[in-house]
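As they're listed, the protein sequences go chains A and B.
Using the working numbering, you'd call the opening residue of the first sequence number 12 and step up by one each time.
Using the working numbering, you'd call the opening residue of the second sequence number 2 and step up by one each time.
Before any comments, here is the structure.
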Amino acid sequence: MLYCSIKETTHTVTLIPGDGIGPELLNHVRELFRFSCVPLDFEVVNINSSITSEDDINNAITAIRRNGVALKGNLETNHTLPPSHKSRNNVLRYTGLDLYANVMRCQSLPGVQTRHKNIDIIIIRENTEGEYSSLEHESVPGVVESLKIITRNNSLRIADYAFQLAREKGRRRVTAVHKANIMKLADGLFLQCCREVASGYPDIAFDSMIVDNTTMQLVSKPHQFDVMVMPNLYGNVVSNVCAGLVGGPGLVPGANYGHNYAVFETATRNTGKSIAGRNIANPTAMLLASCLMLDHLKLHDYASMIRNAVFATMNESLLHTPDIGGQGTTSEMVQSVMRNIKSSGPLTTEL
Amino acid sequence: QIFLLWKSLILGQLILGNFFAFQVHTVTLIPGDGIGPEISTAVMKIFEAAKVPIQWEERNVTAIKGPGGKWMIPPEAKESMDRSKIGLKGPLKTPIAAGHPSMNLLLRKTFDLYANVRPCVSIEGYKTPYTDVDLVTIRENTEGEYSGIEHVIVDGVVQSIKLITEQASRRIAEYAFEYARNNQRSSVTAVHKANIMRMSDGLFLRKCREVAENYKDVKFTEMYLDTVCLNMVQDPTQFDVLVMPNLYGDILSDLCAGLIGGLGVTPSGNIGANGVAIFESVHGTAPDIAGKDLANPTALLLSAVMMLRHMGLHADAKKIETACYDTIRDKKVLTKDLGGNSKCSEFTTEICRRVQDMD
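And the structure:
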């Protein structure tokens, strides 16, 4: 255990353990933060997915509003319950928090074996509307209609976010992913908004690609992509394809941003029920998500320190957890990260 | 009772298939646009060399305006297909003129082509980062997100309707399980997003589960679309037959085509409600190389092989498929897109030679 010379905490952050592997991974994050003397307090909010009352969710939303930032595990959606019982993860994202941009950076990590190397794609997914509007009804028995909503406001907003981020990160091209040849009005509107925003960023190239071709291109020539922006469902598909390309759900962190709030989680939002409690879950995605959170809170030194320690650990293939082909355990990986931090850090002092 | 009706319709198709094995029969050929004609010629040459008992009836499907101003395919084309029940189609040009419907959509509606079937098998000799892929995507092709029903609610707010019906979901699930059984496939996986689209995908999933009860010899699993994508690019060998609604099918079938080498080598078949089946290459018309003897006929050829299997002509199918795969594996005569610099006609001749050597 290290002695932390700086004792005051600068922020309180909401922590939502969630289901499956969420609780154990977030415990490791807290352990690691304590060890590294990160000046953060966690306010833990538990949401019980098995009960249908809305109180838990409302408490969580209130806590996130209060603290501004949250780190969360995935919440199980019981889809045998009636359709009025909506996905808790979605309720968190849209209701009152307006976390409109889901951002995922898919980056090849050192030491991980994959078919394609040196991938570095940023995916920006509209997070509030589209196919996830949860507006469905049975118009006649046996016929169900599900509404996909695309609005000009949200499309402009996400396109703007994408171009701003591209500029900020020194990226050169933004590709809009759509199916406007079939969904002429809905995706057509989305594409039109992207084009409008693009014209205001002449320093950044803009092109578009139909979603089915996009997935085909991703598995054969992924290096052609730089920054990608798209509506909700395609975002879900493309982010999972890209996460798979760089090594799987255990490696990629994700972030949900709104104007006032930010929630961090693993990019592919898996509950990992089958591996929960067995000490084999890959902590990388959650650890890197916590680094994204630290960056958001302007605690950049801590973010870099932890991130570099994680990368150094990734290089040791003996420590790899089963999802990336190894036989290591979660705790061994976390221990290694702590060892790397200890041998690097001017931010912690040894007793 | 309705279940029995579906089953007998599908059984009927199978019986028809076996019947085909004992006579020369007609196939409606739609060469298509761009490279369509030359790859169709290639397929016809290879079938001739293999002495396949097929007689081709060429038809054009360019849309015409029927009485009442409604767009339709030419009556000669419809008549031929209704009679022959089997079609082979090359790529069709997408019309730019406003109001002119997509030809593929028109064909789909005319023959109620409700199932799009794409077997994706790794081609030995055509290397991609993925090996040992052997799966089939079965896509519901009539409804879902492609219902084409969209409205502007108010300025700046658009609504697109995804339609899922009990009938169409049951029909595609039935087809998927029958296909699995008849092609010795061990499992069917329903791909869905019922956690988000509770009612629509929920209905689709329920129908799949119900149908699965009648096919205990085939393993049935369910998987979220995103999980399928995630797992597909890491280990495609875990998948067998996949059944899903329209949009997911569109995306996944192209994803899987990408795994084995792209649309230039992927076969595709469309099954219709009245025993009609149309097999097609799903690549574009490639206008830049049309007429230059540079095209790769593999996709259309493999679709024709799929057609032969559908008709029960398994020996002929195997012969032609083997000749094609051997030619590609040998790497001596390959079209440009496959990494060689031979002409389409040379590639075709090589396959013909192998086919004749097999006799």
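For glycine and all other residues, C-beta sits at the position ideal for the given N, C-alpha and C.
Just so it is clear, the structure is predicted and the values come from calculations on it, not from any experiment.
By Cβ distance, which residues of its chain are closer than 7 Å to A:S328, with the 5 residues on each side in sequence left out?
Correct list, in chain order: G122, G337.
So the candidates are B:G70, B:Q56, B:P75; which of them puts its Cα closest to the Cα of B:A64?
Taking only the C-alpha atoms, the option nearest B:A64 is B:P75.
Note down the Cα distance separating B:E144 from A:N192, rounded to an integer number of angstroms.
Roughly 16 Å between the two C-alpha positions.
For chain D, check one thing: does any of its Cβ atoms lie closer than 9 Å to the Cβ of B:G270?
Of the protein chains in the structure, A and B, none is chain D.
Under 9 Å between beta-carbons, which chain B residues line up against A:L256? List them in chain order, please.
Chain B residues near A:L256: V234, Q235.
What residue from B:F348, B:V158, B:K217, B:Q160 has the CA that sits closest to B:K332's CA?
Of the candidates B:F348, B:V158, B:K217, B:Q160, the one whose C-alpha sits nearest the C-alpha of B:K332 is B:F348.
So B:V53 and B:L301 are in contact, right, with Cβ under 8 Å, and what is the actual spacing, rounded?
Between B:L301 and B:V53 the Cβ distance is about 15 Å, and since that is not below 8 Å, they are no contact.
Which parts of the stretch 187 to 237 of chain B are runs of the beta strand (DSSP E), unbroken and 3 residues or longer, counting only runs that do not cross its ends?
For the stretch 187 to 237 of chain B, whole beta strand (DSSP E) runs of length 3 or above, ordered along the chain, are 188 to 193, 220 to 225.
With H, G and I counted as helix, E and B as strand and the rest as coil, what does DSSP make of B:M307?
B:M307: helix per DSSP, three-state reduction.
Is A:L362 helix, strand or coil by DSSP?
Unreliable positioning characterises A:L362 in this predicted model, as indicated by a pLDDT of 34, which lies under 50. A coordinate reading is not provided.
Output needed in chain order: residues of the stretch 170 to 181 of chain A with a Cβ under 9 Å from some Cβ in chain B.
Of all residues in the stretch 170 to 181 of chain A, none has a Cβ within less than 9 Å of some Cβ in chain B.
Among residues of its own chain, excluding the 5 on either side of A:H127, which ones have a beta-carbon nearer than 6 Å to its beta-carbon?
Excluding residues within five positions, the ones whose Cβ falls inside 6 Å are P233, L256.
Quick one, are the C-beta atoms of B:P298 and B:C353 less than 9 Å apart?
No, they are not a contact pair.
Whole-angstrom Cβ separation of A:R182 and A:I133, contact assumed at under 8 Å?
Indeed they touch by this definition, with Cβ atoms about 7 Å apart.
Rounded to whole angstroms, what's the CA-CA distance from A:L37 to B:P268? Just pull it up for me.
Cα to Cα, A:L37 sits roughly 47 Å from B:P268.
Mind listing, in chain order, the continuous beta strand (DSSP E) runs of no fewer than 3 residues lying wholly within the stretch 226 to 296 of chain A?
Entirely contained in the stretch 226 to 296 of chain A, the beta strand (DSSP E) runs reaching 3 residues are, in chain order, 238 to 241, 264 to 268, 273 to 277.
Using a threshold of 9 Å, state whether the C-beta atoms of B:D241 and B:D113 are closer than that.
Going by C-beta atoms, B:D241 is not nearer than 9 Å to B:D113.
For A:S64, count the other beta carbons within 10 Å of its own beta carbon; 16 or more makes it buried, fewer makes it exposed. Which is it?
Answer is exposed; the Cβ neighbour count stays below 16.
In its own chain, which residues sit with a C-beta less than 7 Å from the C-beta of B:N102, not counting the 5 before and 5 after it?
Before going further, note that residue 102 of chain B is Pro rather than Asn in the sequence given. Closer than 7 Å at the Cβ level, and outside the excluded window around B:P102, lie A64, W72.
Compare the C-beta of A:A287 with all C-beta atoms of chain B and state if any pair is closer than 9 Å.
So, not an interface residue.
Just the Cα atoms here: how many angstroms apart are A:T162 and A:C204?
So the alpha carbons of these two residues sit roughly 10 Å apart.
Do B:S188 and B:A181 have their C-beta atoms within less than 9 Å of each other?
Yes, the Cβ-Cβ distance between B:S188 and B:A181 is below 9 Å.
Flag B:M198 as yes if its beta-carbon sits less than 9 Å from any beta-carbon of chain A, otherwise no.
Closer than 9 Å to some Cβ of chain A, the Cβ of B:M198 qualifies, so yes.
Does the stretch 256 to 273 of chain A come within contact of the stretch 150 to 166 of chain B, defined as at least 3 CB pairs closer than 8 Å?
Verdict: no, contact absent.
Going by Cα to Cα distance, which pick from A:L229, A:G283, A:I135 is closest to A:A177?
The shortest Cα separation from A:A177 among A:L229, A:G283, A:I135 belongs to A:I135.
Run through the DSSP bridge pairs and tell me what A:I75 is partnered with.
Beta-bridge pairing links A:I75 to no other residue.
Bridge partners of B:P268, per DSSP?
In DSSP, B:P268 forms a bridge with B:S282.
Kindly list, in the order they appear in chain B, the residues whose Cβ is closer than 7 Å to that of A:A197.
E151, V159, S161, listed in chain order.
Apart from the five residues just before and just after A:V249, which ones in its own chain have a Cβ nearer than 8 Å to its Cβ?
Around A:V249: I134, R136, V188, V222, T225, T226, L229, M239, M241.
Anyone know if the C-beta pair for B:R60 and B:A116 falls short of 9 Å?
Cβ distance not < 9 Å, so B:R60 and B:A116 don't count as in contact.
Are there 16 or more other CB atoms within 10 angstroms of the CB of A:N85, so buried, or fewer, so exposed?
A:N85 is buried by the Cβ-count criterion.
Determine the burial state of A:L354: buried for a count of at least 16 other Cβ atoms within 10 Å of its Cβ, exposed for fewer.
It is worth fixing the name first, because residue 354 of chain A is Ser in this sequence and not Leu. Its Cβ having fewer than 16 others within 10 Å, A:S354 is exposed.
In three-state terms, what does DSSP make of A:N326?
A:N326 falls in the coil class under three-state DSSP.
Just checking: is the beta-carbon of A:N59 within a distance shorter than 9 Å of some beta-carbon in chain B?
Not one chain B Cβ lies under 9 Å of A:N59.
With a threshold of 8 Å on Cβ separation, who are the neighbours of B:V159 within its own chain once the five nearest residues in sequence on each side are excluded?
Within the same chain, B:V159 has close Cβ partners E151, H152, V153.
In three-state terms, what does DSSP make of B:Q160?
Reduced to three states, the DSSP call for B:Q160 is strand.
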